[in-house]
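Just so you know, the protein sequences line up as chains A and B, in that order. The working numbering puts the first residue of the first sequence at 2, with every later residue one more than the last. The working numbering puts the first residue of the second sequence at 4, with every later residue one more than the last.
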Amino acid sequence: SAVISQKPSRDICQRGTSLTIQCQVDSQVTMMFWYRQQPGQSLTLIATANQGSEATYESGFVIDKFPISRPNLTFSTLTVSNMSPEDSSIYLCSVLAKRIGNEQFFGPGTRLTVL
Amino acid sequence: QQQVKQSPQSLIVQKGGIPIINCAYENTAFDYFPWYQQFPGKGPALLIAIRPDVSEKKEGRFTISFNKSAKQFSLHIMDSQPGDSATYFCANTGTASKLTFGTGTRLQVTL
């Protein structure tokens, strides 16, 4: 499986500020995704991070709130902008490695608390 | 996103029991059905996955049963252990590889 790291692992932020989360993979992957998991809930896809082009967002998520970058095949960032307490969640990146099959592997997550 | 209905929401079994978690999906175009295991404070870990061309897949103590006509699939954990206590998510995906997750089942295995 791919080894995925995320930074930071957790953070406590003030309302109105922004936080950028990094996702690093140990090998080149075909696709990278960002998910949100609210406390005690399931995972919801935010967007697909596209290498060299704008991310593809799911319904209910917009680029102004969750800008995403993917400058190469092993790295992506998700920014949570102008945060409010409702943004308190775990944010997870996942990767799809075609060489393994259709398996998607998840990073450890970033636990965000907004005060 | 298409829904995946998962049940039960929570489950308590004794050690050695066989918990069964069920999922029902809507989109017949989906062709990949994974199960993830998540421990508190960790990201989901891929446990086992199946494609619709087979009706059952077993890996160790974990078995997926797939019923294509009913659009249902289930996870069975044989000889369950306290270390299996976790939240389990079913999911499915199609050609876009975007995972749609079930609502999760919190499993507790008691001694």
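Cβ coordinates follow ideal geometry from the N, Cα and C atoms, glycine included. Quick caveat: nothing in here was measured; it's all calculated off a predicted structure.
* Residue environment, R54 of chain B, which counts as buried when at least 16 other CB atoms sit within 10 Å -> Locating residue 54 of chain B in the second sequence gives position 51, where the first residue counts as 1. Exposed, by the Cβ-count rule.
* With DSSP as the reference, label D65 of chain A as helix, strand or coil. => Against the first sequence, residue 65 of chain A aligns to sequence position 64. D65 of chain A falls in the coil class under three-state DSSP.
* Scan the stretch 14-43 of chain A for residues whose Cβ lies nearer than 9 Å to a Cβ of chain B and list them as they occur along the chain. => Here the close residues are T31, M32, F34, Y36, Q38, G41, Q42 and S43.
* Quick one: residues in its chain with C-beta nearer than 7 Å to the C-beta of Y35 of chain B, no 5 flanking neighbours on either side, listed in chain order? => Position 32 of the second sequence, counting from 1, holds the residue named residue 35 of chain B. Excluding positions up to five away in sequence, the list reads A52, R54, N95 and T96.
* Does any CB atom of chain A fall closer than 8 Å to the CB of K45 of chain B? -> What you label residue 45 of chain B is simply residue 42 of the second sequence in a count that begins at 1. Among the residues facing chain A, K45 of chain B is included, as its CB has a counterpart in that chain under 8 Å away.
* **DSSP state of E87 of chain A mapped onto helix, strand, coil** => Here residue 87 of chain A refers to the residue found at position 86 of the first sequence. Correct three-state label for E87 of chain A: helix.
* Give every residue of the same chain whose Cβ lies closer than 6 Å to the Cβ of Q25 of chain A, excluding the five residues on either side of it in the sequence, and list them in chain order. => Stepping through the first sequence from its first residue, residue 25 of chain A is reached at position 24. The beta carbon of Q25 of chain A is closer than 6 Å to those of S6 and F76 in its chain, skipping five residues each way along the sequence.
* Using a cut-off of 9 Å between C-beta atoms, extract the partners of N103 of chain A located in chain B. => Working through the first sequence from its first residue, we reach residue 103 of chain A at position 102. Chain B residues near N103 of chain A: D34, Y35, P37, A52, R54, T96 and S100.
* **Residue of B:P22, B:P47, B:A99 and B:E29 minimising C-alpha distance to F65 of chain B** => Your numbering for residue 65 of chain B matches position 62 in the second sequence. For F65 of chain B, the closest alpha carbon among the candidates B:P22, B:P47, B:A99 and B:E29 is that of B:P22.
* Asked: Is L14 of chain B near L110 of chain B, with beta carbons less than 8 Å apart?
  -> Here residue 14 of chain B is taken as the residue at index 11 of the second sequence, counted from 1. Here residue 110 of chain B is taken as the residue at index 107 of the second sequence, counted from 1. One thing to note: L14 of chain B has its Cβ within 8 Å of the Cβ of L110 of chain B.
* Through-space distance from L79 of chain A to S70 of chain A, alpha-carbon basis -> Numbered from 1 along the first sequence, position 69 holds the residue referred to as residue 70 of chain A. Numbered from 1 along the first sequence, position 78 holds the residue referred to as residue 79 of chain A. One C-alpha to the other measures close to 7 Å.
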